[in-house]
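Trainee:
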Amino acid sequence: MPTGTDPRFLRSQEAILHAARELLRQGGPAAVTHAQVAERAGVGRATVYRHWPRAELLLMEAMATVPMPFFAEPTVPTRDWLRRELTAMARQLDLDDVRAVSTTLAGTALWDENMDARRAQFAGVLSGRLAAALDDAQTRGEVSLAIPSRHAAAMAIGPMYYRSTIERTPTDPSLIEATIAALGTWS
Numbered sequence: 001m002p003t004g005t006d007p008r009f010l011r012s013q014e015a016i017l018h019a020a021r022e023l024l025r026q027g028g029p030a031a032v033t034h035a036q037v038a039e040r041a042g043v044g045r046a047t048v049y050r051h052w053p054r055a056e057l058l059l060m061e062a063m064a065t066v067p068m069p070f071f072a073e074p075t076v077p078t079r080d081w082l083r084r085e086l087t088a089m090a091r092q093l094d095l096d097d098v099r100a101v102s103t104t105l106a107g108t109a110l111w112d113e114n115m116d117a118r119r120a121q122f123a124g125v126l127s128g129r130l131a132a133a134l135d136d137a138q139t140r141g142e143v144s145l146a147i148p149s150r151h152a153a154a155m156a157i158g159p160m161y162y163r164s165t166i167e168r169t170p171t172d173p174s175l176i177e178a179t180i181a182a183l184g185t186w187s
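Residue numbering for the sequence shown follows full-length UniProt numbering, beginning at 1 and increasing consecutively.
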């Protein structure tokens, strides 16, 4: 059986990941299935299963290697931008595949160092981008934050994650508005 050092194994693994990333970008998380990935990569489904026995692990790997769009390009006014970004994130978390990946990532990170590193990277990117945008908004006088920007970022993202994973219900616009308002005093 091929191993992680066998060139054929490595080529098929990279082809599978490339196909999964393309499908993720084109069709969202629901498009990343063993069958669709195998077809796109030009390999058999058994090969995909050999590398990633569970679809959510393949999706998680693909998501970990695709640039994350959330909070990437802040615009002014920040409050409107934040509303759009939080709404987009909430809509993604409403998808069963994304919900499965986010909970699998959080759970697996408890015992797997590699997954914990990915979790930390993912969380760091999200909170870092949002905290920087909030700091800039505060510098411009758009908001006076009630708490440090890193805490504000966690406070903004947390309710949507909770609604998605614990309550398994969509985040409604009123929760997003209340979350934004709770970050501080907006001008």
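Glycine is no exception: its CB is placed at the ideal position from the N, C-alpha and C atoms.
Which first and last residues belong to the alpha helix (DSSP H) in which Ser102 is found?
Mentor: Sequence index remark: in the sequence shown, residue 102 carries index 102 (1-based). That run of the alpha helix (DSSP H) goes 96–108.
Trainee: Distance check for Glu14 and Phe70, CA to CA, integer angstroms please.
Mentor: The residue given as residue 70 occupies position 70 in the sequence shown. The residue given as residue 14 occupies position 14 in the sequence shown. Phe70 and Glu14: Cα-Cα distance of roughly 25 Å.
Trainee: For Leu175 and Thr165, what's the separation of their Cα atoms in angstroms?
Mentor: Looking up residue 175 in the sequence shown gives position 175. Looking up residue 165 in the sequence shown gives position 165. Going by the C-alpha atoms only, they are around 16 Å apart.
Trainee: Compare the beta carbon distance of Glu142 and Trp186 with 8 Å and say whether it is the shorter of the two.
Mentor: Within the sequence shown, the letter at position 142 stands for residue 142. Within the sequence shown, the letter at position 186 stands for residue 186. Their beta carbons are under 8 Å apart, which means Glu142 touches Trp186 by this criterion.
Trainee: Looking at C-alpha atoms only, which residue of Ala88, Ser149, Arg50 is the closest neighbour of Gly28?
Mentor: By 1-based counting over the sequence shown, the position of residue 28 is 28. Gly28 has its Cα closest to that of Ala88, out of Ala88, Ser149, Arg50.
Trainee: Smallest Cα separation from Met115: which of Pro7, Ala156, Glu61, Arg91?
Mentor: In the sequence shown, residue 115 corresponds to position 115, counting from 1. Distances from the alpha-carbon of Met115 to those of Pro7, Ala156, Glu61, Arg91 put Glu61 closest.
Trainee: Output yes or no for whether 8 Å exceeds the beta carbon distance between Leu134 and Ile157.
Mentor: What you label residue 134 is simply residue 134 of the sequence shown in a count that begins at 1. What you label residue 157 is simply residue 157 of the sequence shown in a count that begins at 1. No, the Cβ-Cβ distance between Leu134 and Ile157 is not below 8 Å.
Trainee: Under 8 Å Cβ to Cβ from Thr104, same chain only, skipping five residues before and after it: list those, please.
Mentor: What you label residue 104 is simply residue 104 of the sequence shown in a count that begins at 1. Answer for Thr104: Glu56, Leu57, Met60, listed in chain order.
Trainee: If we call anything under 8 Å between Cβ atoms a contact, is Tyr162 one with Ser102?
Mentor: Walking along the sequence shown from the start, residue 162 turns up at place 162. Walking along the sequence shown from the start, residue 102 turns up at place 102. Against a cut-off of 8 Å, the Cβ pair of Ser102 and Tyr162 comes out as no contact.
Trainee: Below 8 Å on the Cβ atoms is my contact criterion, and I expect Leu23 with Val43 to pass it. Report the Cβ-Cβ distance as a whole number of Å.
Mentor: Against the sequence shown, residue 23 aligns to sequence position 23. Against the sequence shown, residue 43 aligns to sequence position 43. Actually they do not touch by this definition, with Cβ atoms about 14 Å apart.
Trainee: Who are Thr185's beta bridge partners in DSSP?
Mentor: Here residue 185 refers to the residue found at position 185 of the sequence shown. Looking at the DSSP assignment, Thr185 forms a beta bridge with Ser144.
Trainee: With 16 other CB atoms within 10 Å as the buried threshold, where does Arg40 fall?
Mentor: Against the sequence shown, residue 40 aligns to sequence position 40. Buried.
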